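Rendered as structure tokens:
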């Protein structure tokens with residue numbers, strides 16, 4: 094059922110031709126297909142996957158062609174539109190039942206980022222009430238999810254940038270920009286806004302092994318924006334902090350529990366420990382869709398472990414000695430007490446805890 | 094003047110044929126050449142450089158064909174033998190003056206590991222007293238440096254292993270084994286001895302970007318020893334500690350100041366911070382030749398910064414977006430107060446400070 098078609102980049106898709114985050118679309122609905130920028134191939138190759146069905150979208154999510162908590166939520170929402178169109182064309186009588194398998198497949202694509210389940214739930218909420226062709230209603234909802242994410246990112250950018258003192262060095266981890274979201278970005282949106290406001294002296298980015306999202310994706314976005322970026326090996330972060338070069342560590346999130354404990358890309362927790370040790374500020378930037386207030390604490394967040402091969406190889410080539418094994422957790426959990434500011438589109442929570450988060454989320 | 098000859102691996106040099114650390118020789122004096130295992134090519138290729146002069150040895154050190162603080166000291170000592178033989182053959186009258194340029198070239202090959210300067214000083218101490226052909230005297234001294242290093246490693250292995258509780262998980266960083274030393278290893282020697290004593294449940298190794306010494310070299314040595322090893326991305330170390338899987342973090346050193354502050358591979362400092370946060374023990378294993386008691390503290394240790402290309406590329410392939418820059422410090426400094434045990438061949442110093450180190454070193 095999976096159905097990808099690869100398209101090599103035409104001239105107008107050349108990375109050098111992008112002038113800003115407005116031009117980068119990790120996820121797009123185009124001509125009744127879900128068009129995904131294949132992020133595994135960046136920055137060397139700009140290729141798109143054209144997904145014709147939900148299984149192809151699920152596969153693109155599980156294989157990390159599209160990644161980033163908000164982006165996979167948006168991709169999954171569009172995947173539901175594809176599924177509804179196909180199931181309805183096959184049987185206008187049973188599509189509402191038939192589509193459950195597609196939604197289940199999308200839900201199984203990755204376990205940690207809650208935005209995926211949140212987006213699927215929003216789409217599912219419409220199913221019972223639809224009369225006739227479900228395509229237009231569901232496409233409108235998927236587009237709303239997408240547009241709201243961009244608007245949330247813009248708002249978080251403003252709110253987060255307002256916290257940053259002029260002349261700050263900032264360090265970020267993984268990729269949280271246009272590629273990880275509907276557009277603009279969460280943590281990278283804050284950095285963009287703070288840079289535009291003239292508050293940021295230096296942007297440092299962890300390369301973020303094993304997938305190198307920092308080196309491949311964050312650097313790519315910042316270079317296109319004309320924002321100078323300095324990459325570091327992940328192991329150099331604490332030493333960079335010791336040099337006094339960083340005032341804020343700014344990261345995204347894949348799931349935030351009711352008490353503020355935050356699952357994010359592996360390596361985030363160590364950054365938070367080092368930031369606290371050096372008296373630096375630690376900011377988490379994530380839309381409300383990232384909160385899972387059913388979970389009391391981070392201990393309840395399911396943490397994905399991926400294949401050891403991602404550590405043992407690089408770009409398909411073995412790097413490690415044959416016979417070695419690897420442990421490859423994709424996320425870690427940063428306890429709320431290490432977070433100085435939690436920035437959402439609904440507002441900023443300083444020193445987050447369960448009470449403040451409940452107030453923010455209205456639960 | 095540089096003169097390397099590459100030798101592809103003959104059958105008996107196949108990595109699979111090594112049964113233990115006794116068979117691995119990173120540095121060897123063989124048929125009036127310094128034979129170096131080219132560690133940039135491991136573990137995929139077992140190739141040797143045959144250095145015919147001091148410049149070739151210096152180049153092998155600066156390009157990291159041979160690396161590891163004790164190993165580069167030993168290589169440099171043999172490099173002095175090559176230089177003396179050639180200078181003496183050229184002029185028995187002026188060789189003692191002429192060789193200074195060779196020693197200077199060796200001293201300039203890397204800045205941070207003090208074992209290099211220590212070994213050169215030991216060799217230089219003989220120059221004034223030599224009558225006739227300097228080769229035999231200097232070769233004997235270089236061999237002594239080499240043999241003493243192996244003996245020191247064995248002793249440190251015993252002393253360090255005695256500190257480790259049965260049933261411990263251990264985490265190490267970079268490579269500190271036979272490849273980094275005369276043989277057996279410093280931190281990895283302790284792990285070998287503790288494993289042999291049945292005290293170690295699990296050995297974890299950071300992959301250690303950007304050079305991946307953990308994935309390429311430490312895993313290679315441990316696989317040959319039949320010691321199971323689990324690699325992790327550097328960013329996963331703090332999360333591993335949080336799981337309760339590690340009791341000791343065990344690392345080597347490139348230079349230790351009079352107060353115990355320790356320069357070691359970039360990433361060590363962050364590990365020490367995380368270990369302290371989780372109540373784990375942090376052990377530094379290094380021979381007396383690694384101490385630089387002229388330096389009051391770690392602030393005085395020169396820290397090498399290498400080319401950004403090492404972060405921006407991997408195995409010669411670009412990984413980062415074009416236009417990004419990188420900061421590539423090769424070492425960091427771990428303050429003495431984060432070190433629980435400093436293991437040398439002269440004894441163990443718990444909670445090291447200037448007074449205890451002065452007593453140990455007899456200064």
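Protein chains in written order, with the numbering used here: chain E, 94 to 456; chain U, 94 to 456. Virtual Cβ for every residue (Gly too), placed ideally from N, Cα, C. Just so it is clear, the structure is predicted and the values come from calculations on it, not from any experiment.
message: Tell me which residues of the stretch 354-388 of chain E have at least one Cβ-Cβ distance to chain U shorter than 7 Å, keeping chain order.
response: 359, 360, 362, 363, 366, 367, 370
Where the alpha helix (DSSP H) through residue 155 of chain U begins and ends: 147-155
- prompt: Is the beta carbon of residue 158 of chain E less than 8 Å from the beta carbon of residue 142 of chain E?
  reply: yes
query: So who's on the other strand from residue 341 of chain U, going by DSSP bridges?
result: U/263, U/374
- prompt: How is the beta strand (DSSP E) around residue 126 of chain E delimited, first residue to last?
  reply: According to the DSSP assignment, residue 126 of chain E belongs to the beta strand (DSSP E) that extends over 126-130.
message: So if I threshold CB-CB distances at 9 Å, which residues from the stretch 399-417 of chain U count as touching chain E?
response: Near chain E, meaning a CB-to-CB distance below 9 Å, the residues of the stretch 399-417 of chain U are 401, 403, 404, 405, 407, 408, 410, 411, 412, 413, 414, 415, 416, 417.
- prompt: Relative to chain E, which residues along the stretch 313-331 of chain U have a C-beta separation below 9 Å, given in chain order?
  reply: 313, 314, 315, 316, 317, 321, 322, 323, 324, 325, 326, 327, 328, 329, 330, 331
message: Mapping the DSSP letters down to three states, classify residue 205 of chain E as helix, strand or coil.
response: coil
- request: Below 7 Å CB to CB, which residues in the same chain sit around residue 211 of chain E once its five sequence neighbours on both sides are set aside?
  value: 166, 382
Cutoff 8 Å: residue 300 of chain U Cβ touching any chain E Cβ: yes
- prompt: In or out: residue 443 of chain U buried (at least 16 other Cβ within 10 Å) or exposed?
  reply: By the neighbour-count definition (other C-beta atoms within 10 Å, threshold 16), residue 443 of chain U is an exposed residue.
query: When the Cα atoms are used, what is the spatial distance from residue 189 of chain U to residue 180 of chain U?
result: 8 Å
task: Give the DSSP-derived three-state secondary structure of residue 313 of chain U in the structure shown.
output: helix
Buried or exposed (CB count within 10 angstroms, at least 16 for buried), residue 146 of chain E: buried
task: Using 10 angstroms around the beta-carbon of residue 336 of chain E, count the other beta-carbons present and answer buried if the total reaches 16, otherwise exposed.
output: exposed
query: residue 356 of chain U lies in the beta strand (DSSP E); which residues open and close that run?
result: 355-358 is the extent of the beta strand (DSSP E) around residue 356 of chain U.
message: For residue 267 of chain U and residue 301 of chain U, which I take to be in contact (beta-carbon distance under 8 Å), what is that distance rounded to the nearest angstrom?
response: Going by Cβ atoms, the distance from residue 267 of chain U to residue 301 of chain U rounds to 5 Å, so yes, they are a contact pair.
- request: My understanding is that residue 457 of chain U touches residue 387 of chain U, with C-beta atoms under 8 Å, so please give their C-beta distance in whole angstroms.
  value: The structure shown has nothing for residue 457 of chain U, since chain U only spans 94 to 456.
- prompt: Looking at C-alpha atoms only, which residue of E/155, E/228, E/154 is the closest neighbour of residue 185 of chain E?
  reply: E/228
- prompt: Where does residue 325 of chain E fall in DSSP's three states?
  reply: strand
task: Using a cut-off of 9 Å between C-beta atoms, extract the partners of residue 425 of chain E located in chain U.
output: Going along chain U in sequence order, the residues near residue 425 of chain E (Cβ under 9 Å) are 328, 329, 331, 332, 335.
query: In chain E, what lies closer than 7 Å to residue 305 of chain U by C-beta?
result: 412
task: With 7 Å as the C-beta to C-beta threshold (strictly closer), list the residues of the stretch 422-450 of chain E near chain U in chain order.
output: 422, 425
- request: Just the C-alpha distance for residue 253 of chain U and residue 341 of chain E, rounded to the nearest angstrom, thanks.
  value: 39 Å
field: residue 457 of chain E, buried or exposed, once every other Cβ within 10 Å from all chains shown has been counted against 16
entry: Residue 457 of chain E falls outside the range modelled here, since chain E spans only 94 to 456, and no answer is possible.
task: Could you tell me whether the Cβ of residue 308 of chain U comes closer than 8 Å to any Cβ of chain E?
output: Under the Cβ distance rule, residue 308 of chain U counts among the residues neighbouring chain E, one pair being separated by less than 8 Å.
Given residue 173 of chain U as reference, the closest of U/196, U/191, U/272 once Cα atoms are compared: Here the closest residue by C-alpha is U/196.
- request: Rounded to whole angstroms, what's the CA-CA distance from residue 385 of chain E to residue 447 of chain E? Just pull it up for me.
  value: Between residue 385 of chain E and residue 447 of chain E, the C-alpha separation is close to 12 Å.
Residue 96 of chain U (DSSP reduced to helix, strand or coil): The predicted model places residue 96 of chain U with a pLDDT of 42, which falls under 50 and marks its position as unreliable, so this point remains unresolved.
field: For residue 347 of chain E, the nearest candidate out of E/124, E/204, E/451 (CA to CA)
entry: E/204
message: Rounded to whole angstroms, what is the Cα-Cα separation between residue 436 of chain U and residue 213 of chain U?
response: Those two C-alpha atoms are separated by around 24 Å.
- request: Please classify residue 410 of chain U: does DSSP put it in a helix, a strand, or coil?
  value: strand
- request: Take every Cβ of the stretch 284-298 of chain U, pair it with every Cβ of the stretch 392-405 of chain E, and state whether three or more of those distances are shorter than 8 Å.
  value: no
task: Would you kindly work out how many angstroms separate the C-alpha atoms of residue 426 of chain U and residue 162 of chain U, rounded to a whole number?
output: Residue 426 of chain U and residue 162 of chain U: Cα-Cα distance of roughly 15 Å.
Residue 258 of chain E, buried or exposed, once every other Cβ within 10 Å from all chains shown has been counted against 16: exposed
- prompt: So, does the CB of residue 137 of chain E fall closer than 8 Å to a CB anywhere in chain U?
  reply: yes
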